[in-house]
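One structure is given below, encoded as structure tokens.
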Amino acid sequence: MSAAGTSAPLLELRDVRVAFGGLTALDGVSLAVPRGRVVGVIGPNGAGKTTLFNVVCGFVRPDSGEVLVRGEPLRGHRPHHLAALGVARTLQGLGLFGQLTVAENVMAGAVRAPRAGFLPTLLALPRADRRERDLRAKALAVLDRLGLADAADLPPGRLPHGDQKRVVLARALIAEPALLLLDEPAAGLSTAEISELTGLLATLRAADQLSVMLVEHHMDFVMGLCDDVAVLDFGRLIAHGPPAAVRDDPQVVAAYLGEAAADG
Amino acid sequence: MTHFLDLTLTGVTDGAVYAAVALALVLIWRSTRVVNFAQGGMAMATTFVAWDLVHHGHSYWLAALAAIGVGLVLGAAAERLLIRPVERAAPLNAVIVALGLLVLLQAGAGMIWGGQLRSYPSAFGIKGFKPFGHQLLFSPDDLFMVASVAAVMLLLVLLFRFTPLGLRMRAAAFAPEVSRLLGIRVGRLLTLGWALAAAVGAVAGILIAPTTFVGPSQFDPILVSGFTAAVIGGLDSPVGAVAGGITLGCALSYVAGYVSTDIGAFAAFAVLITVLMLRPNGLFAGHAERRV
Numbered sequence: 180m181s182a183a184g185t186s187a188p189l190l191e192l193r194d195v196r197v198a199f200g201g202l203t204a205l206d207g208v209s210l211a212v213p214r215g216r217v218v219g220v221i222g223p224n225g226a227g228k229t230t231l232f233n234v235v236c237g238f239v240r241p242d243s244g245e246v247l248v249r250g251e252p253l254r255g256h257r258p259h260h261l262a263a264l265g266v267a268r269t270l271q272g273l274g275l276f277g278q279l280t281v282a283e284n285v286m287a288g289a290v291r292a293p294r295a296g297f298l299p300t301l302l303a304l305p306r307a308d309r310r311e312r313d314l315r316a317k318a319l320a321v322l323d324r325l326g327l328a329d330a331a332d333l334p335p336g337r338l339p340h341g342d343q344k345r346v347v348l349a350r351a352l353i354a355e356p357a358l359l360l361l362d363e364p365a366a367g368l369s370t371a372e373i374s375e376l377t378g379l380l381a382t383l384r385a386a387d388q389l390s391v392m393l394v395e396h397h398m399d400f401v402m403g404l405c406d407d408v409a410v411l412d413f414g415r416l417i418a419h420g421p422p423a424a425v426r427d428d429p430q431v432v433a434a435y436l437g438e439a440a441a442d443g
Numbered sequence: 003m004t005h006f007l008d009l010t011l012t013g014v015t016d017g018a019v020y021a022a023v024a025l026a027l028v029l030i031w032r033s034t035r036v037v038n039f040a041q042g043g044m045a046m047a048t049t050f051v052a053w054d055l056v057h058h059g060h061s062y063w064l065a066a067l068a069a070i071g072v073g074l075v076l077g078a079a080a081e082r083l084l085i086r087p088v089e090r091a092a093p094l095n096a097v098i099v100a101l102g103l104l105v106l107l108q109a110g111a112g113m114i115w116g117g118q119l120r121s122y123p124s125a126f127g128i129k130g131f132k133p134f135g136h137q138l139l140f141s142p143d144d145l146f147m148v149a150s151v152a153a154v155m156l157l158l159v160l161l162f163r164f165t166p167l168g169l170r171m172r173a174a175a176f177a178p179e180v181s182r183l184l185g186i187r188v189g190r191l192l193t194l195g196w197a198l199a200a201a202v203g204a205v206a207g208i209l210i211a212p213t214t215f216v217g218p219s220q221f222d223p224i225l226v227s228g229f230t231a232a233v234i235g236g237l238d239s240p241v242g243a244v245a246g247g248i249t250l251g252c253a254l255s256y257v258a259g260y261v262s263t264d265i266g267a268f269a270a271f272a273v274l275i276t277v278l279m280l281r282p283n284g285l286f287a288g289h290a291e292r293r294v
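Below you can see the structure in the form of structure tokens.
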């Protein structure tokens, strides 16, 4: 790895601009996720949070600006390149495979695992079989870590919503990513589940040196978990810093609560 | 009783071929949600290649291997060059492209090998087994047909159920966008799905060729039977495709034996309609969402 690779932030966006027709979704956003940090992106609906994620994932191509991973600019990257870069993303809509079991869902996330060749697989040779068992063991270990070992052979649709969100997390974690992108991880969770999730992410981060970038509406969750918070409003980054500073920023207050009435 | 046994054995043998064609259709439906109407034409083309080799004195087995190899390439090429460009368009576009491919293959085969029917050798003897002095309508070659289709189905089930590659193929088929995010090369797997399907179709072509002979449009009726078998099985399940094929084969055999040999096609459609009325998603479908 180059010298730049070790000191550069894991993920960096430089002056990213995206417009859909006349609508500017991202207007010159620069943002970095340093190693081992948890960065939260917040903002009102339509502020450009999901577009930001889609740019990082390669679903949306920026009109200008660049995305760098470990200091290396990504050129023409596509969604399937992310896993190889050590980036895993969860989706707002879960995106679980309803027709596969929970364990199979998690196994499908492990593309970086050594894979058997096509012919051994097709002929069901012992080597392919052994790798399949290794992969399953790995999936079960991740599920166990997230407290889902009992659900391994159920279809995900049979689990409560909170558990399904943990399956999504397990599927992202089995790829052993360096950076985890979480799209509204707390959405639809109860207060108890949210504090459970906060604890879980804090543990994972400490144990795996995981960097996280998350988009979220739930303020307490973001303020409790993140090292840095970035606030988007109409595609512009209006504040960026530690949670406490961002919370009191007059621009952020205005974006969330509306402009203060002029003193009369 | 012997009559019933004979009809059943004939039904199972015919059904094995329907099952093989149904397997090919199911493989493509699973991966790209397209009903490949060119399947009969692709099997015809690969069987003509095999016929050419046999005709020039090569062994049956070499010809069979060549047909499967050509099938793999033909299937992959069809997906990459013809289906990929219409992947995001309306489903009807892919159907029309497949029909176009069928016409192209039939015309091409006519130009290369001519329009007349060619006979094709069978792998084993076609003289029926004769256990305990009873002459059965079931020959070593029939046994080979049934065993071949069973082996193909078993390999596919092993591939899909018990290997990481099969898991990825299923994931890519069910949710391509999510799979891409997970790092799965969805495009490659779709190509692989088509290649496998065409190879299975090539096996079906070789198995049926001794009975139907080889000609440019000789496999069209087989596609109808295979499609019926696949729909009976629910279009999504390899095991369902084989069960559908055997069910259809036996039903048609009983109709031919007890009623009349003239109403085979009618009986096939009657079976199809009955199944669709009672179990609209087929006998083996696990879920209900459909795009077509």
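As you go down the protein sequences, you meet chains X and C in turn.
Position in the first sequence (first residue = 1) + 179 = the working numbering.
Position in the second sequence (first residue = 1) + 2 = the working numbering.
Glycine included, each C-beta is placed from N, C-alpha and C at the ideal position.
Since this is a predicted model, take the numbers as computed values, not measurements.
When secondary structure is reduced to three states using DSSP, Thr-269 of chain X falls in the strand class. Judged by their CB atoms, Ala-199 of chain C and Val-188 of chain C are not nearer to each other than the 8 Å cut-off.
Here Val-234 of chain X is not near Leu-190 of chain X, since their CB atoms are 8 Å or more apart.
Judged by their CB atoms, Leu-202 of chain X and Val-246 of chain X are not nearer to each other than the 8 Å cut-off.
Short of 6 Å from the beta carbon of Met-171 of chain C, and not among the five residues preceding or following it, lie these beta carbons of its own chain, in chain order: Leu-191. Of all alpha-carbon atoms in C:Val-75, C:Ala-100 and C:Leu-194, the one lying nearest the alpha-carbon of Pro-87 of chain C is that of C:Ala-100.
For Gly-288 of chain X, there is no enclosing alpha helix (DSSP H), as DSSP gives it neither H nor E. Beta bridge pairing from DSSP links Gly-219 of chain X with X:Leu-393 and X:Val-408. Residue C:Pro-223 holds the alpha-carbon nearest to the alpha-carbon of Gly-42 of chain C among C:Ala-69, C:Thr-249 and C:Pro-223. Contact annotation: Ala-267 of chain X and Pro-356 of chain X have beta-carbon atoms nearer than 8 Å. Residue nearest to Val-281 of chain X within the set X:Ile-417, X:Leu-333 and X:Ala-381 is X:Leu-333 (criterion: CA-CA distance). Proximity of chain X to Phe-146 of chain C at the Cβ level (cut-off 9 Å) is not reached, the minimal Cβ distance being about 20 Å. Inclusion of Leu-348 of chain X and Leu-322 of chain X in the CB contact set at 8 Å is not warranted, their separation being larger than that value. Here the C-alpha atom of Val-391 of chain X lies approximately 13 Å from the C-alpha atom of Ala-409 of chain X. A residue is called buried when at least 16 other Cβ atoms come within 10 angstroms of its Cβ; Lys-129 of chain C does not meet this threshold and is exposed. Proximity of chain X to Arg-32 of chain C at the Cβ level (cut-off 9 Å) is not reached, the minimal Cβ distance being about 10 Å.
The beta carbon of Gly-222 of chain X is closer than 6 Å to those of Lys-228, Val-410, Leu-411 and Asp-412 in its chain, skipping five residues each way along the sequence. Judged by DSSP in its simplified three-state form, Arg-90 of chain C adopts coil rather than helix or strand. For Arg-182 of chain C, the nearest beta carbon of chain X is closer than 8 Å to its own beta carbon. The beta carbons of Thr-230 of chain X and Ala-198 of chain X sit about 10 Å from each other, so the pair does not count as a contact at 8 Å. Residues of the stretch 57 to 91 of chain C with a C-beta less than 7 Å from any C-beta of chain X: none at all. Taking the CA atoms as reference points, Gly-185 of chain C sits about 21 Å from Arg-35 of chain C. Note that the stretch 421 to 435 of chain X does not touch the stretch 204 to 219 of chain C; fewer than 3 beta-carbon pairs, one per stretch, sit closer than 8 Å. Within the stretch 218 to 252 of chain X, Cys-236 place their CB atoms closer than 7 Å to a CB of chain C, listed in sequence order. The beta-carbon distance between Thr-10 of chain C and Cys-252 of chain C, rounded to whole angstroms, is 6 Å. This is short enough to meet the 8 Å contact definition.
Secondary structure remark: continuous alpha helix (DSSP H) runs of at least 4 residues inside the stretch 220 to 244 of chain C, in chain order: 222 to 234. Scanning C:Asp-144, C:Leu-225 and C:Ser-61 for the CA closest to the CA of Gly-127 of chain C turns up C:Asp-144.
With a cutoff of 8 Å on beta-carbon distance, Gly-207 of chain C and Ala-45 of chain C are scored as near each other. Note: Asp-16 of chain C is not bridge-paired with any residue in the DSSP secondary-structure output. At a cut-off of 8 Å, the C-beta of Gly-215 of chain X has no neighbouring C-beta in chain C. In this structure, DSSP gives Ser-209 of chain X an extended state, which the three-state scheme calls strand. DSSP places His-419 of chain X in no alpha helix (DSSP H) but in the uninterrupted beta strand (DSSP E) bounded by 415 to 420. At least 8 Å separates the CB of Gly-242 of chain C from every CB of chain X. Distance from the Cα of Ser-227 of chain C is smallest, within the candidate group C:Ala-211, C:Ser-239, C:Leu-254 and C:Val-202, for C:Leu-254. Between Ala-366 of chain X and chain C, the shortest Cβ-Cβ separation is not below 8 Å. Interface with chain X (8 Å Cβ-Cβ cutoff): Arg-187 of chain C is included.
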